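J.:
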Amino acid sequence: MTRIEVVRGDITEEDVDAVVTAANESLLGGGGVDGAIHRAAGPRLAEAGAALAPCLPGEAVATSAFDLGPRIRHVIHTVGPVWEGGDHGEAELLASCYRRGLAVADEIGARSVAFPAIATGVYGFPPDRAARIAVATIRETATEVEQVRLVAFDAATRDLLAAALRD
Ligand code: APR
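Residue numbers (my numbering): 50 to 216.
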């Protein structure tokens with residue numbers, strides 16, 4: 050059974066086998082959590098990502114975590130949906146980010162994984178709906194991952210994730 054925890058903090062400081070980054074299709078890095086992870090992992094992360102790009106929305110790929118190691122061994126890159134009002138399949142694409150993120154974690158043998166609040170920043174996905182999708186998708190996905198940590202950068206996101214976990 051996968052244990053799900055909600056924490057507030059900087060995902061680059063997590064002590065897990067794999068961290069998930071909210072990437073864009075180029076996998077070259079960007080702002081937000083992607084920028085933080087690329088800064089911490091170093092320039093080799095973008096090189097490794099470029100070799101696997103493009104990563105389509107809802108998809109996920111894994112690379113080494115480079116300078117985030119040896120604590121964190123893998124970065125799982127996933128691309129969230131850009132919010133366009135909610136009737137362009139955004140909810141299913143976001144669910145796919147969590148589902149495929151867990152599947153890739155299984156492929157690389159990661160037993161503990163930290164997820165950010167994918168798509169709720171630059172991509173504009175409403176954080177309350179995203180929180181419910183994240184928790185529901187992780188709960189319904191069969192995986193070998195034993196520990197999932199949902200890492201919120203701000204208190205409001207943490208509270209929404211904690212509320213979703215209580216449902
Ligand atoms: N640790 C954890 N969460 C973080 C961190 C961090 N260090 N920095 C930002 N976040 C949070 C944001 O506050 C937000 O809640 O990650 C969540 C996702 O926001 P974004 O990083 O903007 O990701 P997203 O909305 O999916 O947009 C992706 O932004 O950075 C670019 O390259 C990225 O083009 C892609 C787009």
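Yeah, the Cβ is synthetic: ideal placement off N, Cα and C, and Gly gets one too.
The structure displayed is predicted, hence computed values, not measured ones.
Looking only at DSSP bridge pairs, what is A71 linked to?
T.: Answer by DSSP bridge pairing, in chain order: T127.
J.: Looking at the unbroken beta strand (DSSP E) that takes in V162, where does it start and where does it end?
T.: Start and end: 161–164.
J.: Would you call the region 85–99 and the region 136–147 in contact, with 3 or more CB pairs under 8 Å?
T.: No contact exists between the region 85–99 and the region 136–147.
J.: Nearest chain C C-beta to R178 closer than 8 Å, yes or no?
T.: No chain C appears in this structure, which consists of one protein chain only.
J.: R52 lies in the beta strand (DSSP E); which residues open and close that run?
T.: Segment 52–57, the beta strand (DSSP E) holding R52.
J.: Give me the residue from R198, A213, R207 with the minimum Cα distance to E54.
T.: Here the closest residue by C-alpha is R198.
J.: Among A152, A163, V153, L105, whose alpha-carbon lies nearest the alpha-carbon of V82?
T.: Here the closest residue by C-alpha is A163.
J.: With V65 as the anchor, note down where its alpha helix (DSSP H) starts and where it stops.
T.: Segment: none, V65 is in no alpha helix (DSSP H) and carries neither H nor E.
J.: Which residues in the same chain as G64 place their Cβ atom closer than 6 Å to its Cβ, once the five residues preceding and following it in sequence are excluded?
T.: Before going on, a small fix: residue 64 reads as Asp here, not Gly. R120.
J.: Thinking C-alpha only, which one of G78, P130, D216, H87 is nearest A185?
T.: It is D216.
J.: Where does G134 land, buried or exposed, given buried means 16+ other C-beta within 10 angstroms?
T.: Per the 10 Å Cβ criterion, exposed.
J.: Suppose the cutoff is 6 Å on Cβ atoms and the five residues either side in sequence are ignored; what does the same chain contact list for E193 look like?
T.: Cβ within range, chain order: D155.
J.: Quickly, what does DSSP pair S145 with across the bridge? List them, please.
T.: For S145, which the question treats as bridged, DSSP gives no partner whatsoever.
J.: Which value, in whole angstroms, describes the spacing of the CA atoms of D203 and A114?
T.: Between D203 and A114, the C-alpha separation is close to 24 Å.
J.: Give a yes or no on whether the C-beta atoms belonging to A67 and P165 are separated by under 8 Å.
T.: Not a contact, by the Cβ cut-off of 8 Å.
J.: Just checking G81 against ligand 1 - is the residue's beta carbon closer than 7 Å to any of the ligand's heavy atoms?
T.: Under cutoff, so the answer is yes.
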